[in-house]
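Read through the structure below, which is laid out as C-alpha cells, and then see the notes.
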Amino acid sequence: MFAFEPAAFDLATSRMGVMFFADPAAAFRNIKGALKPDGRLVFACWAPLAENRHWLISYDIALRRLGPPAPLPAHEPGPLAFGDPGYIRGVLAAAGFAEIAVERAHPTIIGGSPEEEARQAVTMGPTARLIEAKNLDEATRQTIASEIEAAFAAEAAADPIRLPATIFLVSARRPG
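Have a look at this one:
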C-alpha cells in the first residue's frame, strides 16, 4: 500500500483504474487518509458488460465459440469489478466515505480500425479474460479474432467506429 502523506490532498481522482484494486476497501481507506477533511474522491469506472456494446460485440462472439467462463468470485479485480452501484457504495462506506453518489453517463466510444479493435479485444478486457480462461490454441484464437474483426467492420458504417457505452461517475467526500 502506498504511504501517502496524511491529509495532504483536496481531491483524489481516477479514470478507469480503481476496479483493479486487490482490496478495494483497504485501498479507499488509504486514499481517504490522504484527503484533507471534506476532501473529495471522484472516479470513473465501467458499468456492467451488458451496457457496453464496444465490449459486448467481441465477448458474444467468444462466448458462442467457447461457452461461458467458470464462475468467478463476485467483484474480482478487473475492468467490470465496479459494475454494481450498490457494491461501489458499500465499499466506499466501509472505507469511511460519505456523500457517496454514483451517476450513469453514456459516452460514445470512438474505436480504431476493425483490426485494431479485434486485436485489443483478444488482448485485454472481458473477451481476453474468457479466451485466457479457455486456454486456446493459436488457430482457435485467430479464428475468433477474425470473427471479431468482421463484426467490427460491420459496425464501421462510418469511419471511425462509434459505439455507445455506459460508465459510472462516482463521487464521495471524506467527512470533516
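When the count follows our numbering, it moves up by one through the sequence shown with no breaks and lands on 490 for the last residue.
The beta-carbon is built from N, C-alpha and C at its ideal position, and this holds for glycine as well.
Beta carbon of residue i nearer than 8 Å to that of residue j
{"i": "residue 389", "j": "residue 479", "result": "no"}
{"i": "residue 315", "j": "residue 340", "result": "yes"}
{"i": "residue 418", "j": "residue 482", "result": "yes"}
{"i": "residue 364", "j": "residue 370", "result": "yes"}
{"i": "residue 431", "j": "residue 402", "result": "no"}
{"i": "residue 394", "j": "residue 351", "result": "no"}
{"i": "residue 387", "j": "residue 447", "result": "no"}
{"i": "residue 368", "j": "residue 423", "result": "yes"}
{"i": "residue 435", "j": "residue 484", "result": "no"}
{"i": "residue 549", "j": "residue 326", "result": "Absent from the structure is residue 549, since the part of the chain shown begins at 315 and ends at 490."}
Whole-Å CB distance - residue i paired with residue j, under 8 Å assumed
{"i": "residue 455", "j": "residue 445", "result": "6 Å"}
{"i": "residue 333", "j": "residue 392", "result": "6 Å"}
{"i": "residue 329", "j": "residue 358", "result": "5 Å"}
{"i": "residue 487", "j": "residue 413", "result": "4 Å"}
{"i": "residue 380", "j": "residue 425", "result": "Residue 380 to residue 425, Cβ: 23 Å. No contact."}
{"i": "residue 463", "j": "residue 428", "result": "5 Å"}
{"i": "residue 411", "j": "residue 355", "result": "6 Å"}
{"i": "residue 323", "j": "residue 353", "result": "6 Å"}
Cβ neighbour criterion (16 or more within 10 Å) applied to residue i
{"i": "residue 372", "result": "buried"}
{"i": "residue 338", "result": "buried"}
{"i": "residue 453", "result": "exposed"}
{"i": "residue 468", "result": "exposed"}
{"i": "residue 449", "result": "exposed"}
{"i": "residue 409", "result": "buried"}
Identify every run of the alpha helix (DSSP H) within the segment 373-454, keeping only runs that are complete inside it and at least 4 residues long; order them along the chain. Here the runs fully enclosed are 399-408, 428-437 and 440-448.
What are the complete beta strand (DSSP E) segments, minimum 3 residues, inside the segment 331-369? You should have 349-360.
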